[in-house]
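Since the structure comes first, as structure tokens, the remarks are kept for the end.
Residue numbers (this note's numbering), protein chains in the order written: chain A, 1 to 135; chain B, 1 to 93; chain C, 1 to 730.
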């Protein structure tokens with residue numbers, strides 16, 4: 001086989017592999033992904049009994065015995081929702097930090113109930129000096 | 001006080017940075033870029049010969065393969081050495 | 001001194017801009033004096049930045065709270081070690097650290113190459129000083145570490161308790177050293193492309209810096225993982241957090257680069273590929289800093305609010321378009337000198353490994369940015385997370401491990417079937433034995449990916465072991481040295497090769513640890529009262545008694561746990577959760593303690609085969625009424641004190657603080673005396689220690705490969721070949 005033809009075949013194989021990888025990636029990221037809702041989107045969309053991923057910044061927290069009450073704020077609008085959560089609280093959880101939590105609306109209650117152990121925080125290793133005081 | 005410190009540092013920086021500009025006469029001539037390239041290639045080739053020897057001694061290359069590779073590597077090295085001599089002679093002359 | 005610091009930042013900026021001008025002018029006009037002056041500008045920058053950093057450090061050590069960063073990140077009660085390292089826990093300090101490290105590494109490379117790479121160096125100097133100018137103006141104008149306040153507070157906010165961990169304090173300097181070291185091959189690649197000096201010269205002078213970048217980044221990543229495991233109270237070491245990915249992407253790209261440059265050095269091939277790889281690595285390093293520093297990850301909208309976002313996007317835009325344009329512009333000069341001899345050669349294995357690494361980088365890049373992409377396109381952020389990484393990263397990692405075992409067994413250029421059989425027989429047999437043993441053990445076969453990783457890991461370790469043994473044997477055949485001496489001589493004389501092999505073995509150990517601990521972990525979340533017990537993976541864990549400690553700094557509640565297996569005592573563990581007071585006074589004098597930062601002390605028994613990891617989450621329900629009551633009492637007392645004349649009020653408040661400490665102490669006492677329930681996370685996971693051991697092996701291998709060969713030895717080797725070749729020439 002002459003080298004240029006060999007090269008063309010190699011290139012085709014490499015490109016096909018890259019294309020396959022890319023399309024598989026796009027497919028899984030769309031199918032495995034779940035919408036992350038902001039506080040205002042949650043308030044508009046939530047129906048009782050369905051669970052949603054709520055993302056935002058914690059603006060207040062309060063202990064209520066074994067449960068934790070906190071409010072999660074929308075990053076752009078001044079809207080926040082209250083969440084009642086039980087389960088493991090990651091160490092980095094604090095006012096001013098970004099969190100993700102799976103929540104459900106219960107009845108007509110305005111308070112959302114966090115699913116047990118669904119609370120995750122964004123990596124805290126790089127703190128912005130004023131992260132807490134900004135909000 | 002702060003002002004004096006800053007001025008002193010500024011003076012030191014200006015002194016250090018401007019030293020080459022105050023130099024009279026040109027710096028020592030540098031070896032040509034071509035020579036530098038050939039020297040880098042020579043080093044790489046020596047290392048390649050060494051690697052092939054080690055591969056042979058650790059049983060990764062058969063005697064025949066080693067002989068063929070070693071011969072061609074040496075030929076390539078000689079080519080580089082000749083080019084290097086040529087470049088050096090040209091520069092000197 | 002803050003004024004001096006600020007002046008030094010601006011002076012550094014001035015020197016950088018001058019250096020760019022002088023280097024470029026010198027390069028274009030052929031004036032070596034201007035080029036030398038430009039290089040000295042880098043030395044001067046290093047001096048100025050060192051002074052600036054010393055001033056900042058001194059402020060931290062003296063607890064000079066007139067510096068805003070010191071007041072925000074340190075306190076008089078912070079231990080000295082953490083005071084010294086708190087400097088880079090702030091945005092401002094860490095950017096200064098970036099510039100300082102960049103100036104040091106740049107000075108080092110320019111000093112080492114002062115008589116070499118004369119054509120490339122001025123452009124590389126300009127690029128390096130360009131980075132210094134960018135980060136220098138960020139520190140000088142956007143995030144000034146020397147900002148002061150006229151009324152310094154009497155006490156600082158203290159270092160975030162989560163960061164009070166030894167590995168966390170070395171993690172940022174390691175990562176930043178990695179990032180800034182990557183800037184060096186990046187800058188020389190740009191210089192090489194501009195001047196068309198695209199042979200192996202620029203690679204030869206920067207190779208060691210790329211390797212150092214790779215090593216430092218790797219150590220930084222692992223220190224972060226170690227911190228996460230022992231400090232963050234969730235029991236894991238890696239979460240595919242964007243911040244972690246930000247460091248992993250340039251590391252993977254750099255790993256590809258340090259392999260493929262060997263092919264360019266030897267064969268003059270892959271020039272486009274190598275230039276692209278290092279330009280991508282450099283860009284990813286800046287992207288990493290950007291991801292962490294700009295807040296873009298929280299949301300595309302938060303990004304607008306951050307002052308650092310826009311300049312970074314501009315820099316990244318310039319880097320990407322500039323790199324692509326340079327490579328297209330010089331494509332004619334980037335043609336290969338030779339062809340791949342055979343698909344059965346080390347070159348081909350390297351090439352394949354490069355594709356796998358770039359594929360991994362691409363997967364991580366895509367999944368990390370997918371939430372942002374989806375938010376930009378549809379307005380809704382999509383959460384992807386670890387499950388999206390696994391189906392791609394796990395198989396790619398398996399292929400990578402396979403290749404890391406194959407590479408050392410295969411010779412450069414070509415191999416014959418007989419040699420392949422000889423080289424592969426033992427490692428393949430070792431892998432198969434591992435397979436059979438693991439299938440007999442049972443349980444392992446349910447996790448095919450983990451099983452595959454164990455077998456491939458065994459294969460790699462066996463192949464590295466065989467290579468070392470064969471090397472020693474070959475050396476002994478020549479010198480008749482005893483084995484230990486032959487071993488040391490072998491490694492000393494072939495540092496790059498055997499350093500690399502050791503890294504491969506370390507990687508195999510590390511990934512075996514990752515596969516085992518992620519596939520065979522037992523995790524239980526239980527509520528226990530003192531005396532009650534839970535069984536996790538055969539270990540009976542008993543909550544023996546509660547413990548507590550109260551200081552002005554924090555109050556901590558914890559538990560003593562007894563671990564036993566088969567009726568035999570294994571270990572006593574203690575785990576506590578510390579509550580640090582919040583700064584917000586409206587939360588109440590006592591209540592503040594329970595609404596601030598919380599930090600877990602993990603009770604950990606690390607073993608070669610199994611880690612027992614425990615953490616407590618106290619239930620505060622029973623003491624909540626006491627907290628509320630205390631808040632009310634203190635509120636009344638405080639307002640009564642405020643009504644008094646100032647001198648009396650001050651005395652009264654001092655008394656109140658003493659009373660508060662007593663109250664906190666009483667709370668701690670209550671916790672110990674009452675058998676209240678607490679929630680525990682109990683994890684037993686196998687082979688976690690292998691991860692840290694593997695990391696140590698990798699670091700040792702990396703250091704061996706990095707260690708400079710003494711000039712004399714190099715000259716001796718060179719002259720021996722030169723003499724032999726000269727004979728042949730004659």
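Glycine residues also receive a C-beta, built at the ideal position from the N, C-alpha and C atoms.
Beta-carbon of residue 67 (chain B) versus every beta-carbon of chain C: anything under 9 Å? Proximity of residue 67 (chain B) to chain C, defined by a Cβ-Cβ separation below 9 Å, is not satisfied.
Can you give me the C-alpha to C-alpha distance between residue 523 (chain C) and residue 29 (chain A), rounded to a whole angstrom? The C-alpha of residue 523 (chain C) lies about 28 Å from the C-alpha of residue 29 (chain A).
Would you mind listing the beta strand (DSSP E) stretches within the region 590-648 of chain C that are 3+ residues and don't spill past its ends, in chain order? The qualifying runs are 598-601, 603-605 and 610-618.
Counting pairs of beta carbons, one from the region 375-394 of chain C and one from the region 344-357 of chain C, are three or more of them closer than 8 Å? No: the two stretches stay apart, fewer than three of their Cβ pairs being nearer than 8 Å.
Hey, residue 271 (chain C) and residue 182 (chain C) are a contact pair by Cβ (cut 8 Å); roughly how many whole angstroms apart? About 19 Å separates the two Cβ atoms, so there is no contact after all.
Would you decide whether residue 299 (chain C) is buried or exposed? Buried here means 16 or more other CB atoms lie within 10 Å of its CB. Because the pLDDT of residue 299 (chain C) is 49, which lies under 50, any placement of that residue in the model is unreliable, and the number read from its coordinates should be weighed accordingly. Under this definition residue 299 (chain C) is a buried residue.
Just confirm the distance between the C-beta atoms of residue 549 (chain C) and residue 560 (chain C), as a whole number of angstroms; I'd bet it's less than 8 Å. The Cβ separation is near 13 Å, so there is no contact.
Of all Cβ atoms in chain B, is any one closer than 9 Å to the Cβ of residue 619 (chain C)? By the rule that beta-carbons nearer than 9 Å mark a contact, residue 619 (chain C) does not touch chain B.
Could you tell me how far apart the beta carbons of residue 494 (chain C) and residue 61 (chain B) are, in whole angstroms, since I believe they sit closer than 8 Å? About 16 Å separates the beta carbon of residue 494 (chain C) from that of residue 61 (chain B), a gap too long to meet the 8 Å contact definition.
Compute the distance between the beta-carbons of residue 178 (chain C) and residue 285 (chain C), then report whether it is under 9 Å. Contact: yes.
N-terminal and C-terminal residue of the beta strand (DSSP E) that residue 557 (chain C) is part of: Taken as a continuous stretch (DSSP letters only), the beta strand (DSSP E) holding residue 557 (chain C) covers 555-565.
Ignore the nearest five residues each way along the sequence and tell me which others in residue 445 (chain C)'s own chain have a CB closer than 8 Å to its CB. Cβ within range, chain order: 438, 439 and 451.
Residue 223 (chain C) versus residue 325 (chain C) - alpha carbon distance: In a straight line, the C-alpha of residue 223 (chain C) is about 37 Å away from that of residue 325 (chain C).
Could you give the C-beta distance for residue 441 (chain C) and residue 537 (chain C), rounded to a whole number, given that I count them as a contact under 8 Å? Incorrect: roughly 15 Å between the Cβ atoms, too far for contact.
Which chain C residues are close to residue 32 (chain A), counting only those with a beta carbon under 7 Å from its beta carbon? The contacting residues are 384, 387 and 388.
Go ahead and pull the three-state DSSP assignment for residue 94 (chain C). Assignment of residue 94 (chain C) by DSSP, reduced to helix, strand and coil, places it in the helix class.
What does the alpha-carbon distance come out to for the pair residue 124 (chain C) and residue 520 (chain C)? Distance between the alpha carbons of residue 124 (chain C) and residue 520 (chain C) is about 49 Å.
Which of the residues in the region 52-78 of chain B, read from start to end, lie with their CB under 7 Å from any CB of chain C? Listed in sequence order: 52, 54, 55, 57, 58, 59, 60, 61, 62, 65, 69, 74, 77 and 78.
Using DSSP with H/G/I as helix, E/B as strand and the rest coil, what is residue 580 (chain C)? Reduced to three states, the DSSP call for residue 580 (chain C) is coil.
Relative to the C-alpha of residue 96 (chain C), which residue among C:112, C:53 and C:359 is closest? Ranking the options by Cα distance to residue 96 (chain C), first place goes to C:53.
Would you call the region 559-573 of chain C in contact with the region 38-57 of chain A, where contact means no fewer than 3 C-beta pairs closer than 8 Å? Pairwise C-beta distances place the region 559-573 of chain C out of contact with the region 38-57 of chain A, as fewer than three of them are shorter than 8 Å.
For residue 4 (chain A), go through chain C and note every residue whose CB falls closer than 9 Å to its CB, in chain order. The contacting residues do not exist; residue 4 (chain A) stays about 11 Å from chain C at best.
Return the CA-CA distance between residue 289 (chain C) and residue 668 (chain C), expressed in angstroms with no decimal places. About 42 Å.
Straight-line Cα distance separating residue 23 (chain A) from residue 675 (chain C): Between residue 675 (chain C) and residue 23 (chain A), the C-alpha separation is close to 57 Å.
Alpha carbon to alpha carbon, how far is residue 25 (chain C) from residue 303 (chain C)? Give it in angstroms, no decimals. At residue 303 (chain C), the pLDDT of 49 sits below 50, so the modelled position is not reliable and the matter cannot be decided from this model.
Where does residue 259 (chain C) land, buried or exposed, given buried means 16+ other C-beta within 10 angstroms? By the neighbour-count criterion, in which 16 or more other beta carbons inside 10 Å mark a residue as buried, residue 259 (chain C) falls on the buried side.
Using beta carbons (cut-off 9 Å, strictly below), is residue 12 (chain A) in contact with chain C? No - not a single Cβ of chain C is within 9 Å of the one on residue 12 (chain A).
Residues near residue 342 (chain C) by beta carbon distance below 8 Å, same chain, minus five either side: Around residue 342 (chain C): 348, 413, 414 and 415.
Whole-Å CB distance - residue 63 (chain A) paired with residue 620 (chain C), under 8 Å assumed: Their Cβ separation, rounded to whole angstroms, is 5 Å, which keeps residue 63 (chain A) and residue 620 (chain C) in contact under 8 Å.
Cutoff 9 Å: residue 91 (chain B) Cβ touching any chain C Cβ: For residue 91 (chain B), no CB of chain C lies under 9 Å from its own CB, so it is not counted at the interface with that chain.
Rounded straight-line distance, which links the Cα of residue 321 (chain C) to that of residue 314 (chain C): C-alpha separation (whole angstroms): 11 Å.
When the Cα of residue 200 (chain C) is compared with those of C:149, C:174, C:333 and C:611, which residue comes out closest? Nearest of C:149, C:174, C:333 and C:611 to residue 200 (chain C), Cα basis: C:333.
Contiguous beta strand (DSSP E) assignments of at least 3 residues, all confined to the region 72-157 of chain C: Listed in chain order, nothing qualifies, since the region 72-157 of chain C has no complete beta strand (DSSP E) run of 3 or more residues.
Go to residue 61 (chain A), then tell me how far its beta strand (DSSP E) extends in each direction, as first and last residue. Note, residue 61 (chain A): beta strand (DSSP E), 51-64.
Inter-stretch contact (C-beta, 8 Å, three-pair minimum) for the region 61-74 of chain B and the region 87-104 of chain C: As far as the Cβ criterion goes, the region 61-74 of chain B does not touch the region 87-104 of chain C, which means the pair count is below three.
With DSSP as the reference, identify every bridge partner of residue 85 (chain A), one or two as the case may be. For residue 85 (chain A), which the question treats as bridged, DSSP gives the partners A:68.
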